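In my numbering, the protein residues as written are 2 to 277.
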């Protein structure tokens, strides 16, 4: 991580609805994501973290405030900037069961972003897809199958390939392991960590799971009802939380039984040894 700011969210506010039924999902949210880091957005359900990521990717329009990516204002792009933004900022969605079109083959799914953006020959598309499928541990014959033939973990690997296939610089991850079994979550998290290092990705990672964020992220932004409660390094937030809401979140994390934890750790080590 070189410390240069790649993505900045400044004074972001988002209101849904009007009048008495209006809901203020975000209020004056400001933070930066530095090149090469994994920044975690943490909070309970309804805290606004997914709304932020949806505004960044363009699925929601902010009520006020701004988003800047490497000199680009996606709300007011100059010539060619919006195409570059859409190529360099990609997203992995929460549910691998609903985010993949069941009528398409895996090859059609992962090649679709390259066809939408354009500029890739058939040979380039095939080579890029084959390379990434191999990198995430999927086989060439998987490309001709439909999503229904795959487990949740395999589907999320396919979704990651789809997000990476156009060569993005920023990966937006909206609770990408919350719909997966606990036994599969670690595999997907390790894959994201490996991809981040190999491809020098900058990652904005949304999660309600503090253990996941602690494992994956270098810095954390804690959200409470659409407002930033506090932000800082993983060490600072976990070791010296300042806000009462953050303290309550940390206190709510279940402490595992030592015997069970040792057994789980031993099993994990056995699996890692078998994979190496």
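The beta-carbon is built from N, C-alpha and C at its ideal position, and this holds for glycine as well.
The model shown is predicted, which means the values in this text are computed figures rather than measured ones.
- Between the C-alpha atoms of residue 76 and residue 115 there is a straight-line separation of about 23 Å.
- In the DSSP assignment, residue 203 is bridged to 171.
- Taking 8 Å as the upper bound for CB-CB distance, residue 174 and residue 40 are not in contact here, some 10 Å apart.
- With contacts defined by Cβ atoms closer than 7 Å, residue 117 and residue 162 do not form a contacting pair.
- Straight-line measurement puts the Cα of residue 246 at about 9 Å from the Cα of residue 44.
- DSSP places residue 29 within a strand segment (E or B) once states are collapsed to three.
- The alpha-carbon of residue 225 is positioned some 21 Å away from that of residue 204.
- Judged by pairs of C-beta atoms under 8 Å, the stretch 25-34 touches the stretch 7-15, as three or more such pairs exist.
- Residue 235 sits in a helix when the DSSP states are folded into three classes.
- Per DSSP, residue 101 is not a residue of any alpha helix (DSSP H), being assigned neither H nor E.
- Listed in chain order, the alpha helix (DSSP H) runs fully inside the stretch 104-187 are 107-118, 123-136 and 153-165, counting runs of at least 4 residues.
- In terms of CA proximity to residue 234, 38 leads the group 7, 38 and 6.
- Look at the beta carbons and you see the stretch 98-109 touching the stretch 127-147: at least three pairs across the two are nearer than 8 Å.
- Between the stretch 133-142 and the stretch 157-171 there are three or more inter-stretch CB-CB distances shorter than 8 Å, so the stretches are counted as touching.
- Contact annotation, residue 183 with residue 212: C-beta distance approximately 10 Å; criterion of less than 8 Å not satisfied.
- Contact annotation: residue 207 and residue 50 have beta-carbon atoms nearer than 7 Å.
- The beta-carbon separation of residue 85 and residue 73, rounded to 7 Å, stays under the 8 Å limit for a contact.
- Annotation: residue 180 to residue 101 spans about 14 Å, alpha carbon to alpha carbon.
- Residue 129 and residue 19 have their alpha carbons spaced roughly 46 Å apart.
- For residue 196, DSSP records no beta bridge to any residue.
- Cβ atoms of residue 57 and residue 10 come within 8 Å of each other, at about 7 Å.
- Looking from the CA of residue 191, the closest CA among 150, 71, 137 and 210 belongs to 137.
- Residue 48 holds the alpha-carbon nearest to the alpha-carbon of residue 24 among 48, 42, 35 and 198.
- Residue pairing of residue 54 in beta bridges, as defined by DSSP: absent, with no partner found.
- For residue 66 and residue 52, the gap between their C-alpha atoms comes out near 14 Å.
- Between residue 8 and residue 171 the beta-carbon gap is near 6 Å, inside 8 Å, which marks them as a contact.
- For residue 10, the enclosing beta strand (DSSP E) has its first and last residue at 6-17.
- In this chain, the beta strand (DSSP E) harbouring residue 90 covers 90-93.
- DSSP places residue 254 outside any beta strand (DSSP E), giving it a letter other than H or E.
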